[in-house]
Amino acid sequence: MKILRRVLDFLYNAAGVIAALCLIAILSLIVAQMIARWTGEIFRGAPDYAGYAMAAASFFAFASALNRGAHIRVSILLNAVSPRLKYILEIWCFSVGAAIAWYFTYYAYWFVYWSWKFKEVSQGQDASLLWIPQSVMVIGGGLLAIALTDNLIHVLLKGNHRIVRDTVESHGE
Amino acid sequence: MTELYAIALFLFVLFLLLGTGVWVGLALMGVAWVGMELFTTRPVGDVMVTTIWASSSSWTLTALPLFIWMGEILYRTRLSEDMFKGLSPWLARLPGGLVHTNIVSCTVFAAVSGSSAATLTTVGKMAIPELRARNYPEKMVIGTLAGAATLGLMIPPSLALIVYGVTVNESITKLFFAGVFPGLVLAGMFMGYVALVSFTSKEWNPSVESGMSFSEKVANSRFLLPVFALITVVIGSMYAGLATATEAAAIGVIGALVLALLQKSLTWDSFRESLMGATRTSAMIALILAGAAFLKLSMGFTGLPRSLADGIAAMELTRFQLLMALLVFYIILGMFLDGISAIVLTMAVVEPMVRSAGIDLIWFGIFVVVVIEMAQITPPIGFNLFVLQGMTDHEMGYITRAALPMFAIMVLMVFVLIWFPEVATWLPENMRSGPG
Amino acid sequence: GEKWDMPMAYSASNFHSENGVEFANCVAAGTNGDIEITVHAGGSLFAGADIKRAIQTGQVQIGERLLSGHQNENAVFGFDSVPFLAPSFDDSAKLFKAAKPKLDEVLAEQNLTMLYAVPWPPQGLYFNKEVNSVEDMAGTKFRSYNAATARLAELTGMLPVTIEAAELSQAFATGVAESMVSSGATGYDRKVWESLSHFYEVDAWLPYNYVMVNNDVWTDVSDANKAAITSCADEAAARGLQASKDYTKFTMDGLAEGGMTVGPAGETLMSGLREIGATMTSEWLEAAGEDGAAIVDGFKAMQ
Ligand code: NA
Ligand code: NA
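Chains as they are written, first to last, in the working numbering: chain Z, 1 to 173; chain W, 1001 to 1436; chain B, 2001 to 2303.
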């Protein structure tokens, strides 16, 4: 069990780090394209690559964002009810969340499979094989599904989830 | 009849999932799924993945993580302390005194930060102790801060405007410029209110500073150089046609890193924290946007937005009546939802209505931003209220009452926008043309 | 009856979309309500780039797409976008006729059946200055949106800049871009006369929008209804072509009224452009192989 715990936590964190690297990649791609334009050079497909990095930055970070309490939820009811009812509500939330995430991952897998099978290429100037960037949906969606299931099991066995909110407030709003 | 049934069902599932605490992005996907399963025969899973891939791999969206990252870096610099030092000598003699630094600091910081919470925490952590030490009325300090921080959403860069622009497919650069004057007008109205209270309130009895000489004031203004340099680079690059909104965000990140480096506040740890924080926050918004894209599609298949738009058109509301209805609608929605969720959730239905009423979508973006700015300070869910609660240990009720006048001023701002639409539309329509 | 969803990429007021709505009405009447088509214009269901895959995989039954957007996938799809190969409505109709058998074959492999296609108005060149020769174009910042337009920039010595459609008017207003190749319609819709001064009617090419139906859906349609839909499609093709011609005139007048200098390109410019067109045709033939050669030969035989 302890090994499984360690492996999972490593996966969430590693994916989070990859997401951060994708953010740096977005920055680099946009700067490179800007410099190319100013100097009269051409950087073919830069917007497309930046778009793929954007998708990767999001999907790889979903699971670690969940574990760090970054994803927004309406918690009025959760905070108002008795511990017993809160326990039931948390089971409901993680079950619904996990079901949606697994559903998405399943269909994302087949979506990417057909892109690979048909050798679908991007319509942009990058002309990339699309299954490569699209795979982040399967990996990131799968990790989110695992993280939600992981938390669901934790609630069922230990009575509470493993989400720990950061002390620094979210800067999203 | 089918439409009424569909509306009731969408709303029921939406409130069920959101109300019980399912994460917003996932809840939107759940609602979309139920809608498609019940009202269409299309393959739901394939449709879901197609739209989510299209929406999450968009180039326009890349401005979002970059502006968040920029804010995260600046949050970790001395920028706000410097701003206070530079601004306070000039503002101390105005009627209302140093309370104006609250508003002006928020306005200036809003021009480098895309979010209201970041503006509030950065300015608040520095301004609250300084103003308390000088015996300004607590309610004014808290209230103006809660209100003025929402300018982070209106004055470019703005995460809310990026999300709006991506959702309705309008130019983000144009939206950014549309926000400049309304932001300044709103800041001016806040300052006018402060001056008014300073004359009429009996509690107004701050300790008076020994005045600085003019040359001292000018010397102190050097502290403002970094932030104005950053604003000039970010907004100037867009205005001069060197960069699009996305590219300006990249310039902003580099500018913020340089600034942090010069101030020696850039360590490996602060760099890593800013990057990881930005990654998580943008992932949070990306999940909501993914859910919203799927919901928009699901609603499109059911034909609901169109029949609602037709229904509203058949009521022959004037533009003014429609806008009033939307104002009330968003104020109610804003009590329970954060601004970005409110935008993405409603646009599938509201966009066709507004377009068919012939309302300019750039102008409407600013209208929406004002109403979601209000949502930041209305209970029970108001982001700025939460942040201030954490910073000041006041109760929600106290903070809400302190912010109420700001809410009223924002309502007034909506009418200013309606009566003088040029406030929002003039700048984007008159940007510099031609190269060179 | 059956309900079909038909995503279209361009705004509801665009002539392609209006034509699509009339087609849908015709189908509802012709099949006595057996098949009702709901048009979702303005990319409100799927964005342009996703529509073909959505039809192929049965996410929708029918839809419209600019097929030349898919030329990375198969060069044949780009036959209508080879610069100066068929520079008029008449030539482009011949070229389309020559290409149709091959297109039908490629689409059938992708589980698609083409119902009708309508050309956009001819593509012309927009500039913020007077241009009399290819040399005058050198160094201009040119908006490119795919491989072919980037290549066109390269061959004319312009600097290709990538601008997303939503940022187009802003890019011209701020000078991020100074030139583009597009139909008069695009410039008219985006009010480019605020920033650009010249439109040259070089009639570079006339790209087609295609309305396609999913083959599994199409197979299940009764023969009587198939006949009704096909006849509606033929009417739509004719009506769309006329609308495209009318719209060409309308937008040219609109651009001129906006203050732009609108007119045909001078002979020096045209001959320079034709040379570049010849280069790009041979490059396209290399990419499109035998299929491409067959299309071009068929077209030349009709001249
Ligand atoms: Na801002
Ligand atoms: Na609120």
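Positions of the beta carbon are idealized from the N, C-alpha and C atoms, including for glycine.
On a predicted model such as this, the values are computed, not experimentally measured, just so you know.
For the region 67-115 of chain Z, the full-length alpha helix (DSSP H) segments reaching 4 residues or more read 76-80 along the chain. In this structure, Z/Met-137 and Z/Ala-98 do not form a Cβ contact; the two beta carbons are roughly 17 Å apart against a cut-off of 8 Å. Excluding its 5 nearest sequence neighbours in each direction, Z/Ile-26 has C-beta neighbours in its own chain below 7 Å: Ala-50, Ala-53, Met-54, Ala-57, listed in chain order. Put simply, of W/Gly-1382, W/Met-1353, W/Gly-1252, W/Leu-1275 the residue whose alpha carbon is nearest the alpha carbon of W/Thr-1232 is W/Gly-1252.
Counting along the chain, Z/His-154 sits inside the alpha helix (DSSP H) bounded by residues 131-158. For W/Ile-1381, there is no enclosing alpha helix (DSSP H), as DSSP gives it neither H nor E. Counting the other Cβ atoms within 10 Å of the Cβ of Z/Trp-38 gives fewer than 16, which makes it exposed.
Comparing alpha-carbon positions, the option among B/Arg-2053, B/Ala-2224, B/Gly-2139, B/Ser-2088 lying closest to Z/Ser-122 turns out to be B/Arg-2053. In the DSSP secondary-structure assignment, B/Phe-2142 is bridged to B/Pro-2160, B/Ser-2179. For W/Asp-1310, the nearest beta carbon of chain B is not closer than 9 Å to its own beta carbon. Relative to ligand 2, the beta carbon of W/Ala-1375 is positioned inside 8 Å of a heavy atom.
Going by DSSP, B/Asp-2005 is part of the beta strand (DSSP E) stretching over 2002-2007.
Checking the 8 Å criterion, the Cβ of W/Met-1154 is within range of a heavy atom belonging to ligand 1. Between ligand 1 and W/Gly-1114, a heavy atom-to-CB distance of less than 8 Å is present. By a beta-carbon distance limit of 8 Å, B/Ser-2197 contacts B/Met-2260. Their separation comes to about 6 Å. Cβ atoms of W/Thr-1077 and W/Leu-1259 come within 8 Å of each other, at about 6 Å. Residue pairing by DSSP places B/Ile-2037 opposite B/Trp-2004 in a beta bridge.
Per DSSP, B/His-2198 lies in no alpha helix (DSSP H) segment; the continuous beta strand (DSSP E) that holds it begins and ends at 2198-2200. Chain W has a Cβ within less than 9 Å of the Cβ of Z/Gly-97.
Contact between W/Phe-1176 and W/Met-1238 holds, with the beta-carbon distance rounding to 7 Å and staying under 8 Å.
For the region 1033-1052 of chain W, the set of residues with a beta-carbon nearer than 7 Å to any beta-carbon of chain B comprises Arg-1042, Pro-1043, Asp-1046, Val-1047, Thr-1050, in chain order.
For W/Ser-1341, the neighbours in chain Z by C-beta distance under 8 Å run, in chain order, Ile-72. Listed in chain order, the positions of the region 2014-2043 of chain B with a beta carbon within less than 7 Å of a beta carbon of chain Z would be empty, since no residue qualifies. Within the region 1267-1343 of chain W, no beta strand (DSSP E) run of at least 3 residues lies entirely inside it. Closest in alpha carbon position to W/Ala-1149, among W/Phe-1109, W/Lys-1174, W/Leu-1159, W/Leu-1308, is W/Phe-1109. Under the three-state reduction of DSSP, B/Leu-2066 is assigned to strand. Proximity of the region 2228-2235 of chain B to the region 2099-2110 of chain B falls short of the contact definition, fewer than three beta-carbon pairs being nearer than 8 Å.
Interface with chain W (9 Å Cβ-Cβ cutoff): Z/Trp-92 is included. Residue-level contact check: Z/Pro-47 touches chain B, since one or more beta carbons of chain B fall below 9 Å from its beta carbon. B/Ile-2062 sits close to B/Met-2212, with the two beta carbons spaced by under 9 Å. Bounds of any beta strand (DSSP E) do not take in B/Val-2221, whose DSSP letter is neither H nor E. Collapsing the DSSP output to three states places B/Gln-2056 in a helix. Of all residues in the region 2054-2073 of chain B, the ones placed with a Cβ closer than 8 Å to any Cβ belonging to chain Z are Thr-2057, Gly-2069, His-2070, Asn-2072, Glu-2073, in chain order.
Z/Asn-160 is positioned such that its CB atom lies closer than 9 Å to that of Z/Glu-90. Neighbours of W/Ala-1054 in chain B, taken as residues whose beta carbon is under 9 Å from its own, are Phe-2046, Ala-2047, Ala-2049, Asp-2050 in chain order.
Apart from the 5 residues on each side of it in sequence, Z/Ala-46 sits with its Cβ closer than 6 Å to the Cβ of Leu-29, Gln-33 in its chain, given in chain order.
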